[in-house]
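Novice: So for the sequence shown, our numbering puts the first residue at 2; every next one is plus one. Provided herewith is a single structure, encoded as structure tokens, for subsequent inquiry.
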Amino acid sequence: MTDYTKLMSDLRQRLAEVYDLQNIVALLHWDQTTYMPPAGAKARVRQLGLVSRLAHEKFVDPAIGKLLDALEPYGASLPYDHDDAALLRVTRRLYDQAVRLPPDFMSRLHEVAAESYSVWTRARPANDFSMVAPYLKQILEMSRQLADFFPGYEHIADPLIDFSDYGMKVSILRPLFARLRDELVPLVEAITSQPPPDDHFLYRHYPEAQQLAFGLDVIRRFGFDFERGRQDKTHHPFMTKFSLYDVRITTRVKEDDLTEAMFSTFHEAGHAMYEQGIALEYEGTPLAEGTSSGVHESQSRTWENYVGRSRPFWEHFFPRLREMFPEQLHDVDVDAFYRAVNKVQKSLIRTDADEVTYNLHVIIRFELELELLEGKLTIDELPEAWRARYREYLGIEPPDDKDGVLQDVHWYSGVIGGAFQGYTLGNIIAAQFFEKALEAHPSIPDEIRQGKFDTLHGWLREQVYRHGRKYTPAELIRRVTGEDLTIEPYIRYLKRKYGELYGLSFDEG
Ligand code: ZN
2 MTDYTKLMSD LRQRLAEVYD LQNIVALLHW DQTTYMPPAG AKARVRQLGL VSRLAHEKFV
62 DPAIGKLLDA LEPYGASLPY DHDDAALLRV TRRLYDQAVR LPPDFMSRLH EVAAESYSVW
122 TRARPANDFS MVAPYLKQIL EMSRQLADFF PGYEHIADPL IDFSDYGMKV SILRPLFARL
182 RDELVPLVEA ITSQPPPDDH FLYRHYPEAQ QLAFGLDVIR RFGFDFERGR QDKTHHPFMT
242 KFSLYDVRIT TRVKEDDLTE AMFSTFHEAG HAMYEQGIAL EYEGTPLAEG TSSGVHESQS
302 RTWENYVGRS RPFWEHFFPR LREMFPEQLH DVDVDAFYRA VNKVQKSLIR TDADEVTYNL
362 HVIIRFELEL ELLEGKLTID ELPEAWRARY REYLGIEPPD DKDGVLQDVH WYSGVIGGAF
422 QGYTLGNIIA AQFFEKALEA HPSIPDEIRQ GKFDTLHGWL REQVYRHGRK YTPAELIRRV
482 TGEDLTIEPY IRYLKRKYGE LYGLSFDEG
């Protein structure tokens, strides 16, 4: 008889080494973007390349394939929800994906991406799309080739989406996003035709030390575990993890903008609490990770927006904030503050966009990248297509490519396709989960009003976090909500919140 216990332990041992190598890559990267002196850059790139390659080689080792084959009958004999069944299922999926990627092709892709990125860092300030267009053409071609390593797809973007949002096909997302766009365009129009709230006081001088202290105090109350995490400063905020026992976030502070560090801290803490909440038994396996970029983003958005930009939250925290910044906020009350941090405006830059307009920025990118991949749009036509789409959906037009097609790093530093949908999925899924949490615990808003987050955090841990990558995003959404992915809760949330804020009455349908 086959000794499945022995085979499982062999598999786990190999996976644990891959896991550690991947986390060493993360550690090298974290250091690179936080504390590394500039002269360390060259060696660091080399080291990152080496350790990434080792991690990949260890994972695609045929020995892992053989173990997975031998363990197939064991996996099939277990209930679907069994942890071993999930481990085998997820490892099989990732293994089959990884072995299809030819190492030569991948290293060429990384080279082109690195070159393109470096040209983009000069092309954007120079406002010169033509500098980077030849690289983008190569990246588009290679993105198509990358998809073609997964023959049998329904849409060419599907395999690319699978890397970050497994199973979220174009056939699901395209109609869903189109409906969302049709809801959002008139909503944005109605809101922005109202007089905008005054938010000038957010841009007074706020010293860094107090800003950081306030953010840390809030996320400690959220439930961020500082025994298993920390925060440091960087240029572009992100969350990273080196094990389930060491989950880190970064932020950046602008002393003339109170919102920058604060909301990025809430956002990244949401990502981190997801990782910190994963069942510790999954440590060292592919299950010890959030299940998709969309579900991950749903958790950052929950804490940043559904909690951190809510009225109950500021009823509790505004008095504290004003104690910390008595001069800067002496002429501001909680109502004015709440309105200011929820100001909606048509703007050009995705990363600065508010809750309501944000998804239109993402949908524009998603639609354009599908058209590029489908061959319906060329790279040379892209800047004009970008402007046309901004006119159509947001009623504004970028005066130049710097704040237009050149603004996001994604296409210029990797692959065209699969990188943007997760942002909007996050907002949609966050609304679905949050609505369920409120249904299960109607006391949540009152608790938030008292600065308490245990019920919400506990519910999310139980329903979402502990499962890690055990369930696909679609499975998780169905388990948590009893429904499939749907935009209704999100639209309800936006109409209710912004209807009240802007004195508009929307048909909630
Ligand atoms: Zn995020």
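The beta-carbon is built from N, C-alpha and C at its ideal position, and this holds for glycine as well. A quick note: this is a predicted structure, and the numbers were derived from the prediction, not measured.
From Leu88, Val248, Lys437, Asp199, pick the residue whose C-alpha is nearest to that of Ala337; which is it?
Specialist: When only C-alpha atoms are compared, the closest one is Asp199.
Novice: DSSP three-state call for Gly76: helix, strand or coil?
Specialist: Correct three-state label for Gly76: helix.
Novice: Taking 7 Å as the cut-off, does the CB of Ser301 come closer than this to any heavy atom belonging to ligand 1?
Specialist: Correct: Ser301 has its Cβ closer than 7 Å to ligand 1.
Novice: If you compare alpha carbons, which of Met169, Glu112, Phe435 is closest to Met143?
Specialist: Of the listed residues, the one whose Cα sits closest to Met143 is Glu112.
Novice: Rounded to whole angstroms, what is the Cα-Cα separation between Trp121 and Arg145?
Specialist: Rounded to whole angstroms, Trp121 to Arg145 spans 21 Å at the Cα level.
Novice: Quick check: does the Cβ of Glu290 come within less than 7 Å of any heavy atom belonging to ligand 1?
Specialist: Not so, every heavy atom of ligand 1 lies at least 7 Å from the Cβ.
Novice: Give the single residue among Phe60, Gly66, Gly469 whose Cα lies nearest to the Cα of Asp84.
Specialist: Comparing Cα positions, the closest option is Gly469.
Novice: When the Cα of Leu486 is compared with those of Val100, Pro103, Met169, Glu190, which residue comes out closest?
Specialist: If we check each option's Cα against that of Leu486, Met169 comes out closest.
Novice: Given that a residue counts as buried once 16 or more other Cβ atoms are within 10 Å of its Cβ, and exposed if not, what is Val308?
Specialist: Result: buried.
Novice: Going by the beta-carbon positions, is the gap between Phe434 and Leu330 smaller than 8 Å?
Specialist: Going by C-beta atoms, Phe434 is not nearer than 8 Å to Leu330.
Novice: CB of His268 to nearest heavy atom of ligand 1: below 7 Å?
Specialist: The answer is yes for His268.
Novice: I'd like to confirm the pairing. Which residues does DSSP put opposite Gly230 in its beta bridges?
Specialist: Gly230 is bridged to Val248.
Novice: So does the segment 433-449 actually touch the segment 372-379, counting three or more Cβ pairs closer than 8 Å?
Specialist: Result no; under three Cβ-Cβ pairs closer than 8 Å.
Novice: For Pro80, count neighbouring C-beta atoms within 10 Å of its own C-beta (all shown protein chains included) and say buried if the count is 16 or more, exposed if not.
Specialist: So Pro80 counts as exposed.
Novice: Which residue or residues does DSSP assign as beta-bridge partners of Lys242?
Specialist: Val248, per the DSSP bridge assignment.
Novice: Can we count His272 as close to ligand 1, meaning its CB is less than 7 Å from some heavy atom?
Specialist: Checking the Cβ of His272 against ligand 1 gives yes.
Novice: What's the call for Met274, buried or exposed, on a 16-neighbour Cβ count within 10 Å?
Specialist: Label assigned to Met274: buried.
Novice: Taking 7 Å as the cut-off, does the CB of Glu298 come closer than this to any heavy atom belonging to ligand 1?
Specialist: Yes, ligand 1 has a heavy atom inside 7 Å of this Cβ.
Novice: Have a look at Ile65, Leu29, Gln232 and flag the residue whose alpha-carbon is nearest the alpha-carbon of Ser10.
Specialist: Ser10 has its Cα closest to that of Ile65, out of Ile65, Leu29, Gln232.
Novice: State the beta-bridge partners of Asp258 as determined by DSSP.
Specialist: Answer by DSSP bridge pairing, in chain order: Lys255.
Novice: Buried or exposed for Ile397, please, with buried defined as at least 16 other CB atoms from any protein chain shown within 10 angstroms of its CB.
Specialist: Flag for Ile397 reads exposed.
Novice: Evaluate the contact criterion for the segment 10-21 versus the segment 55-69: three or more CB pairs, one atom per stretch, below 8 Å.
Specialist: Touching, yes, given that three or more Cβ pairs across the two stretches are closer than 8 Å.
Novice: Can you tell me whether Ser265 is buried or exposed, with buried defined as 16 or more other CB within 10 angstroms of its CB?
Specialist: Ser265 should be labelled buried.
Novice: What residue from Pro208, Gln232, His206 has the CA that sits closest to Leu217's CA?
Specialist: Answer by Cα proximity: Gln232.
Novice: Could you tell me whether the Cβ atoms of Trp315 and Val335 are closer together than 8 Å?
Specialist: Cβ distance < 8 Å, so Trp315 and Val335 count as in contact.
Novice: Check this for me: beta carbons of Leu371 and Ala77, under 8 Å apart or not?
Specialist: No; because the gap between Cβ atoms is not below 8 Å, this pair is not in contact.
Novice: Alpha carbon to alpha carbon, what distance is there between Leu457 and Glu436?
Specialist: Their Cα atoms are separated by approximately 11 Å.
Novice: Taking just the CA atoms, how far does Val189 sit from Lys347?
Specialist: Cα to Cα, Lys347 sits roughly 8 Å from Val189.
Novice: In this structure, does DSSP put Ile365 in helix, strand or coil?
Specialist: Of the three classes helix, strand and coil, the one that applies to Ile365 here is helix, per DSSP.
Novice: In this structure, does DSSP put Pro38 in helix, strand or coil?
Specialist: In the structure shown, Pro38 sits in coil (DSSP, three-state: anything other than H, G, I, E or B).
Novice: So is Ala71 in contact with chain C if we call contact Cβ pairs under 8 Å?
Specialist: In the structure shown, chain C cannot be found, because there is only a single protein chain.
Novice: Among Phe225, Arg175, Ala114, which has the Cα closest to the Cα of Arg462?
Specialist: Arg462 has its Cα closest to that of Phe225, out of Phe225, Arg175, Ala114.
Novice: For Lys496, which of helix, strand or coil comes out of DSSP?
Specialist: Helix.
Novice: Using the beta-carbon count (16 or more within 10 Å), is Tyr136 buried or exposed?
Specialist: With 16 or more other Cβ atoms within 10 Å, it is buried.
Novice: Would DSSP call Pro160 helix, strand or coil?
Specialist: In the structure shown, Pro160 sits in a helix (DSSP, three-state: H, G or I).
Novice: Name the residue from Arg47, Leu259, Val219, Phe178 whose alpha carbon lies nearest to the alpha carbon of Arg205.
Specialist: Among Arg47, Leu259, Val219, Phe178, the Cα nearest to that of Arg205 belongs to Leu259.
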